[in-house]
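A short worksheet on the structure shown next.
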Amino acid sequence: MLRKKLADVGVSGLLPEPLPRKGVGFSHKRPGMIGTRRGGAPVGRRALSEAGIAVALSPGWPTFPRHRGPLGSMPAPDRPTSWGRKVAGRNDALGGCMKVVITGGAGFIGSNLARVLVAAPEIDEVVVVDDLSTGSLANLAGVAATVHVGTFLDVELMDKACDGASAIVHLGALPSVPRSVEDPLASHHANATGTLMVLEAARRAGNAHVVAASSSSVYGGNPVLPKREDLRTMPLSPYAVSKLATESYLLAYGHCYDLPVLPFRFFNVFGPLQPADHAYAAVIPRFIDAALAGRPLTVHGDGEQTRDFTNVATVCGVLADAVLRRVTNDGPVNLALGTRTSLNALIALLADVLGHPVDVTHVAPRAGDVRDSQADSAELRRLFPDAPAVELRDGLAETVAWFRSRQAS
Ligand SMILES: NC(=O)c1ccc[n+]([C@@H]2O[C@H](COP(=O)([O-])OP(=O)(O)OC[C@H]3O[C@@H](n4cnc5c(N)ncnc54)[C@H](O)[C@@H]3O)[C@@H](O)[C@H]2O)c1
Numbered sequence: 001m002l003r004k005k006l007a008d009v010g011v012s013g014l015l016p017e018p019l020p021r022k023g024v025g026f027s028h029k030r031p032g033m034i035g036t037r038r039g040g041a042p043v044g045r046r047a048l049s050e051a052g053i054a055v056a057l058s059p060g061w062p063t064f065p066r067h068r069g070p071l072g073s074m075p076a077p078d079r080p081t082s083w084g085r086k087v088a089g090r091n092d093a094l095g096g097c098m099k100v101v102i103t104g105g106a107g108f109i110g111s112n113l114a115r116v117l118v119a120a121p122e123i124d125e126v127v128v129v130d131d132l133s134t135g136s137l138a139n140l141a142g143v144a145a146t147v148h149v150g151t152f153l154d155v156e157l158m159d160k161a162c163d164g165a166s167a168i169v170h171l172g173a174l175p176s177v178p179r180s181v182e183d184p185l186a187s188h189h190a191n192a193t194g195t196l197m198v199l200e201a202a203r204r205a206g207n208a209h210v211v212a213a214s215s216s217s218v219y220g221g222n223p224v225l226p227k228r229e230d231l232r233t234m235p236l237s238p239y240a241v242s243k244l245a246t247e248s249y250l251l252a253y254g255h256c257y258d259l260p261v262l263p264f265r266f267f268n269v270f271g272p273l274q275p276a277d278h279a280y281a282a283v284i285p286r287f288i289d290a291a292l293a294g295r296p297l298t299v300h301g302d303g304e305q306t307r308d309f310t311n312v313a314t315v316c317g318v319l320a321d322a323v324l325r326r327v328t329n330d331g332p333v334n335l336a337l338g339t340r341t342s343l344n345a346l347i348a349l350l351a352d353v354l355g356h357p358v359d360v361t362h363v364a365p366r367a368g369d370v371r372d373s374q375a376d377s378a379e380l381r382r383l384f385p386d387a388p389a390v391e392l393r394d395g396l397a398e399t400v401a402w403f404r405s406r407q408a409s
């Protein structure tokens, strides 16, 4: 009966038959689970509720054109990139029958990764678990993934999502240093306890491969540059501590339970789909948003602090490659290419991309922020010699174009 109702609204049901390949499934048992039709178009809220499915949608669910390219401007036509095809076509070792779970898949990096993974022929099914605390379903519009709206702290939900999964890419977290300074318990709960729950789910799922996001913030007060993975960690914020817990739990599970694990330390990731419109927005979307609106760019401190800005295409290319080749490591791996750009230099580059100067306002430095950040990328290049690099200027131009396209739509 339910299946017929789902079919009537153009959705492939998953009870009790197996999930459709690269389709989207729904459970009538769990309120809040939503998705898209096979082929990408979002299923209307009314159609779903007429089919007896409880729906919890974020406000405003845009109907972007179908988008199956790995990355790039949304809304945008299909635009597979060369590195996306390379990753997708590289590894047949797993026999083309993989289910991959992305926690935090409705967030900035997760939704970009979902696009890459659904395009990989080796991957049969992409499943997202996201409680939408900072992510949005709009990020997944047009992506053929199964979406579970809920927390990875929910054992039952995780067992359902991870059933038969060969890999879990754990990106779900409460990001942001200042957010953690304001509410350290919430950061610990989502990031440290949450990782433990994901690892337990991976064990119950038969030792699924776990690839997770830690952060360069774990280096914190250690002044040595570039940051090599074996440097002493000196976290300066509750967020950094929670990320150190994330990677440490992964390594401990690898050691104690033979769980195949790969903890990455992300640096400052940027690109399309990164939001600017919240209190804890990252620096590049904040700058672009302000510059496009003609507002001054707010810089904490003198602007000479440096960051290893990493394009989301690089991050997703490496994550996809890690999943497809089931790469593991017995230590954390920096996921950045070893560049070092000051905020002042970034602003100059942005003005160049925009073709006009931008105003800047300097305010007090923020508690918990580190002064300089630059990865030593030797370990990354050892494990991922083909990690795709994107020039900062090109990445900025693409991100500006995405912000403009969003304003225009
Ligand atoms: N963006 C960066 O520059 C950067 C740098 C270092 C580390 N990281 C890490 O990378 C990961 C992805 O970051 P992002 O920039 O895409 O952030 P994001 O906020 O866009 O994505 C995080 C996602 O996790 C979801 N989430 C949070 N708590 C959850 C829970 N309990 N259950 C289910 N879902 C939950 C959010 O709704 C969101 O969709 C995070 O772990 C973050 O700490 C990001």
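Each residue of the sequence shown is one higher than the last, beginning at 1 in the UniProt record's numbering.
The beta carbon of each residue, even a glycine, is placed where N, CA and C say it ideally should be.
Everything numeric in this text was worked out from a predicted model, so none of it was measured.
Between which two residues does the beta strand (DSSP E) containing Asp130 stretch?
Its beta strand (DSSP E) spans residues 123-130.
Examine ligand 1 and report whether any of its heavy atoms sits within less than 8 Å of the Cβ of Thr314.
No.
Does DSSP put Pro184 in a helix, in a strand, or in coil?
In the structure shown, Pro184 sits in a helix (DSSP, three-state: H, G or I).
Would Val312 be called buried (16 or more neighbouring beta carbons within 10 Å of its own) or exposed?
Label assigned to Val312: buried.
Reducing DSSP to helix, strand and coil, say where Val286 ends up.
In the sequence as displayed, the identity of residue 286 is Arg instead of Val. Of the three classes helix, strand and coil, the one that applies to Arg286 here is helix, per DSSP.
Buried or exposed for Leu396, please, with buried defined as at least 16 other CB atoms from any protein chain shown within 10 angstroms of its CB.
It counts as buried.
Does DSSP put Leu350 in a helix, in a strand, or in coil?
Looking at Leu350 - three-state DSSP - the assignment turns out to be helix.
Could you tell me whether the Cβ of Leu244 comes closer than 9 Å to any Cβ of chain B?
Given the protein chain composition of this structure (a single chain), no chain B is represented.
With a threshold of 8 Å, are at least 3 pairs of Cβ atoms found where one atom belongs to the stretch 272-280 and the other to the stretch 219-227?
Short answer: they don't touch.
Please give me, in chain order, every unbroken run of the beta strand (DSSP E) with length at least 3 that falls completely inside the stretch 218-279.
Correct list: 261-266, 268-270.
Would you kindly work out how many angstroms separate the C-alpha atoms of Pro388 and Val283, rounded to a whole number?
Near 23 Å, if we compare the C-alpha coordinates of Val283 and Pro388.
State the Cα-Cα distance for the pair Ala212 and Ser111, rounded to the nearest angstrom.
The straight-line gap from Cα to Cα measures roughly 15 Å.
Could you check if Ala93 is buried or exposed, using at least 16 other CB atoms within 10 Å of its CB as the buried criterion?
Note that Ala93 scores 46 on pLDDT, short of 50, meaning its location in the model is unreliable and no value can be drawn from it.
Taking the beta carbon of Leu350 as the centre, do at least 16 other beta carbons fall within 10 Å, making it buried, or is it exposed?
Under this definition Leu350 is a buried residue.
Ligand 1 and Lys243: does any heavy atom of the ligand fall closer than 8 Å to the residue's C-beta?
Lys243: yes, Cβ under 8 Å from ligand 1.
Expressed to the nearest angstrom, what Euclidean distance is found between the alpha-carbon atoms of Tyr253 and Asn334?
Cα to Cα, the separation comes out at about 20 Å.
Within 10 Å of its beta-carbon, does Gly194 have 16 or more other beta-carbons around it, so buried, or fewer, so exposed?
Burial call: buried.
Going by DSSP in three states, Phe403 sits in which element: helix, strand or coil?
Residue state, collapsed to three classes: helix.
Could you check the C-alpha separation between Thr151 and Leu157 for me, to the nearest Å?
Rounded to whole angstroms, Thr151 to Leu157 spans 8 Å at the Cα level.
With distance defined between alpha-carbon atoms, name the residue in Thr328, Trp402, Leu354 nearest to Leu380.
Looking at the Cα atoms, Thr328 is the closest of the given residues.
Provide the residue span of the alpha helix (DSSP H) that contains Leu117, from first to last.
Here the alpha helix (DSSP H) through Leu117 covers 108-118.
Please state whether DSSP places Ser373 in a helix, a strand or coil.
Ser373 falls in the coil class under three-state DSSP.
Excluding the 5 residues flanking Leu140 on each side, which residues of the same chain have their C-beta closer than 8 Å to its C-beta?
These residues qualify, in order along the chain: Thr36, Gly105, Ala106, Ser111, Ala114, Val128, Val147.
Going by Cα to Cα distance, which pick from Gly172, Val315, Asp230 is closest to Val116?
Nearest of Gly172, Val315, Asp230 to Val116, Cα basis: Val315.
In terms of alpha-carbon separation, which member of Asn191, Ala190, Arg204 lies closest to Gly164?
Per the Cα distances, Arg204.
Given a cut-off of 9 Å on the beta-carbon distance, is the pair Val100 and Ile168 in contact?
Contact: yes.
Using the C-alpha atoms, what's the distance from Pro296 back to Ser12?
For Ser12, the pLDDT reaches just 27, beneath the cut-off of 50, and the residue's location in the model is therefore unreliable, although a value from the coordinates is still provided. C-alpha separation (whole angstroms): 49 Å.
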